[in-house]
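Numbering follows our numbering, with no gaps: position 529 of the sequence shown is 645.
Even glycine gets a Cβ: it sits at the ideal position worked out from N, Cα and C.
Structure record follows, encoded as structure tokens.
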Amino acid sequence: MRIKAFITSVLLAVSATIATPAELLPPPLFKWNLATGAPAEGYCIYTYESGTTTNQTTYTDGTQTTANANPVVLNSRGEAAIYFDKSLSYKIIVHAPSGGSCPGSPTSPELTVDNYGGGSTSETEKDANLVTNGSFETDDNGDGDPDSWTETAYTGGTVSLVTNAQAHGATSYKFVSTGNGGGYFVSDSFIPISPARVLIISTMLKSSVAGVRNLVEVLWYDSSQDALTGGDVQTDVYDEAVANPTSWTKKSAEITPPSTAYYAKLKLYGAHSSDATSGTTWYDDVRITTKEWTDYTPPIPINLDNVALNAFRIAINGSISVQGMVDGVVDEYEDETGVDTAASTNEGYDSGGDYYTNMGSAANTWTQSLTSDAASGNANYSYRQINAATDISTDGDQVRVTITAKTSAQFDFDNASIVERSGSTANGTTTPTEFLFSGESGGSASAGGTLVSDWLSFSIDETKDYLTIIDYASTNGDPKVEVGSGSLYYKASTNSYNQQTVSGFTGPGTNTFAVSKLEVRSTVDMTLISNSTEAVAEPTKGRVVAFVEPMESITLNTDLKCYMSLDNGANYNEITLADTGEYASGKDIYSGTLSSFAQSGDQTMKYKCTTHNSKEVRIHGIGFFWE
């Protein structure tokens with residue numbers, strides 16, 4: 117959602133400079149995608165007069181001949197032609213359909229952009245305002261407080277919405293201090309921004325006396341909408357305690373967000389409590405705009421990171437292998453077609469998770485034949501299979517389990533886990549770690565078949581005993597067994613997959629139930645190299661965007677390195693990687709720019725990424741670009 121909103125705000129700003137009878141948002145079509153990357157078919161685009169709920173017309177063409185319906189409904193591609201009257205200012209709302217149609221009025225907008233369009237001779241002023249209800253015109257519940265703002269009055273101070281002193285529209289926000297301060301108000305919504313794009317933050321302001329302290333702050337948040345810490349908590353836009361204007365005056369500043377900021381909020385103080393001066397302050401027309409493209413060119417990193425992320429998500433949703441584009445490639449590892457497997461080393465491909473990992477080949481470390489079908493009556497049992505050190509042959513950093521069903525019936529189980537055994541007991545030394553099966557708890561092995569778990573980051577030491585724990589389901593609870601071989605504990609009508617210490621278990625008995633194999637693999641250092649792609653022309657610079665799930669703490673450019681080549685891998689140029697945010701929980705975007713290639717005279721492009729120091733990582737995709 118962060119990327120979608122950012123791109124939309126950028127395109128809104130770009131369209132403001134088009135010198136046509138009407139303006140297109142954005143050229144050539146308005147387009148909206150869901151967070152999944154799918155087109156927002158049927159979504160509703162409402163247009164109003166700025167700061168109001170009064171409908172305002174848009175058009176299907178630049179000559180303003182044919183009016184659009186209001187709302188405009190996006191087609192199957194999530195698109196519509198929307199031309200704006202260049203002389204007017206609009207409020208634009210993006211809203212999901214309800215019951216297959218657009219509601220009469222928007223109640224839960226996905227995006228609101230106010231004060232977009234004309235009404236100013238300044239091109240900068242035509243940028244879309246990213247602040248919702250920045251002129252305090254909307255109060256849908258009629259409580260006297262403007263929507264999308266939360267206000268707090270200091271002791272003895274007052275905060276109110278007034279209609280008798282305004283700089284824009286019909287209302288302004290008033291703070292009164294009798295000596296202990298007036299109060300403050302904070303914008304409710306998280307405003308999507310880009311760390312690379314300069315923000316213009318402005319407000320109309322006046323005070324009854326110049327000596328009250330007025331303060332405007334922008335608060336910063338990361339990609340998960342958590343507040344930044346340290347020196348990046350907020351940036352002061354305006355702080356004056358001596359010379360505040362006593363008539364309406366615009367106060368503005370250009371602010372560069374911190375490198376880790378992806379969202380912002382505004383906090384405005386009227387007569388700050390740190391100043392004992394009595395007086396009144398009014399605010400109106402609060403804006404955050406992005407600097408015009410004509411004035412500001414964002415660097416390659418952010419543009420390409422956004423392109424790569426969008427292409428990566430589209431590839432996942434569409435099960436696309438390698439996406440070639442002009443001067444770039446994005447590969448989400450749907451398969452191995454984009455990787456030079458002959459040149460790569462120790463690259464472990466996981467077809468279930470669509471990633472490469474620096475894990476070596478799988479090796480059996482504990483096995484059991486399981487030659488018989490279990491008798492019925494095991495449903496809802498919990499079995500703790502002993503994997504004795506005397507039977508474990510190989511150490512490993514990851515482990516997976518194979519579960520085998522009886523010949524004649526499916527075997528269902530609720531959970532499975534593993535733990536180091538505590539002494540000669542049925543207890544673990546710690547809380548057991550759960551196995552997952554295609555990312556889910558439990559599973560079903562078909563009659564006469566097996567089910568193999570996902571790889572689990574869990575260290576196996578061949579000198580220690582372990583317990584593999586299976587909680588059987590209430591139905592089809594009969595697996596394959598080996599009678600008279602192995603050793604286990606069991607208990608009816610219980611679950612114990614997540615219990616370190618248990619009681620009431622019978623055993624150890626001399627059988628093996630369900631668990632036919634434990635496999636391990638260990639961390640190795642990997643070299644992952646792409647297949648080559650011919651550039652249109654010899655490039656002068658490049659960029660790599662890597663989508664990585666670090667399974668343990670890593671140091672970029674030490675434990676993980678990436679390179680680009682323009683001569684088909686004969687020479688590689690290292691790229692300095694930086695952490696540029698998360699694309700999913702626990703999964704990061706690492707990217708970096710190569711300002712110039714050390715080689716010339718070729719245009720056969722490749723990337724290479726390497727791991728070091730036996731640090732486990734999973735690379736879920738790579739985008740590499742050149743110009």
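Put simply, the backbone Cα of T406 is about 9 Å away from that of I309.
Secondary structure remark: continuous beta strand (DSSP E) runs of at least 3 residues inside the segment 452-520, in chain order: 464-466, 471-473, 479-483, 498-503 and 512-520. In the displayed model, D348 falls within a helix according to three-state DSSP. With a beta-carbon spacing of about 18 Å, F301 and T351 fall beyond the 8 Å limit used to define contacts.
Here the alpha carbons of G658 and A532 stand approximately 46 Å from one another.
The continuous stretches of beta strand (DSSP E) do not include T179, and DSSP gives it neither H nor E. When the Cα atoms are used, T510 and I645 turn out to be separated by approximately 30 Å. Counting only residues of its own chain and dropping the five nearest sequence neighbours on each side, N687 has a CB closer than 8 Å to the CB of S681, A714 and Q715. Secondary structure remark: continuous beta strand (DSSP E) runs of at least 3 residues inside the segment 612-657, in chain order: 622-629, 631-637 and 643-645. DSSP, read as helix, strand or coil, puts M667 in coil. If only uninterrupted beta strand (DSSP E) runs of at least 3 residues are considered, those enclosed by the segment 247-308 are 265-269, 274-278, 288-293 and 299-303.
Here DSSP, grouped into helix, strand and coil, assigns A686 to coil. V597 counts as buried, since at least 16 other C-beta atoms from the protein chains shown sit within 10 angstroms of its C-beta. Assignment of E165 by DSSP, reduced to helix, strand and coil, places it in the strand class.
Separation of V358 and S340 (C-alpha to C-alpha, rounded to the nearest whole angstrom) is 38 Å. If you look at W398, you'll find it in the beta strand (DSSP E) that goes G395 to T406. In the structure shown, C160 falls within a strand segment according to DSSP collapsed to helix, strand and coil. The beta carbon of P225 is closer than 6 Å to those of I209 and H211 in its chain, skipping five residues each way along the sequence. Judged by DSSP secondary structure, Y378 falls outside any beta strand (DSSP E); it is assigned neither H nor E. Of the candidates A504, G544 and I161, the residue whose Cα lies closest to the Cα of K633 is A504. If you draw a straight line from the Cα of E732 to the Cα of G260, it comes to about 56 Å. Between the segment 388-395 and the segment 292-299, the count of C-beta pairs closer than 8 Å reaches three or more; the two stretches touch.
In the displayed model, K202 falls within coil according to three-state DSSP, outside both helix and strand. According to DSSP, K724 shares a beta bridge with I645 and Y679. Comparing alpha-carbon positions, the option among V314, E690 and D528 lying closest to T709 turns out to be E690. Sixteen is the threshold: since fewer than 16 other Cβ atoms of the shown chains lie within 10 Å of the Cβ of K366, the residue is exposed. Assignment of S310 by DSSP, reduced to helix, strand and coil, places it in the coil class. Sequence-distant Cβ neighbours of N611 in its own chain, meaning closer than 8 Å and more than five residues away, are S498, D530, N531 and D587. Residue pairing by DSSP leaves D718 without any beta bridge partner. About 30 Å separates the CB atoms of E157 and D443; that is not less than 8 Å, and the two are not in contact. With respect to the C-alpha of T362, the residue from A283, A380 and F574 having the closest C-alpha is A283. Between V332 and V353, the gap from beta carbon to beta carbon is short of 8 Å. Secondary structure of S707 (DSSP, three-state): strand. Distances from the alpha-carbon of T481 to those of N462, T518, T453 and D470 put T518 closest. The shortest CA-to-CA distance from G386 to any of S375, E356, S477 and L552 is the one to E356. A direct Cα-to-Cα measurement between D641 and H728 gives close to 5 Å.
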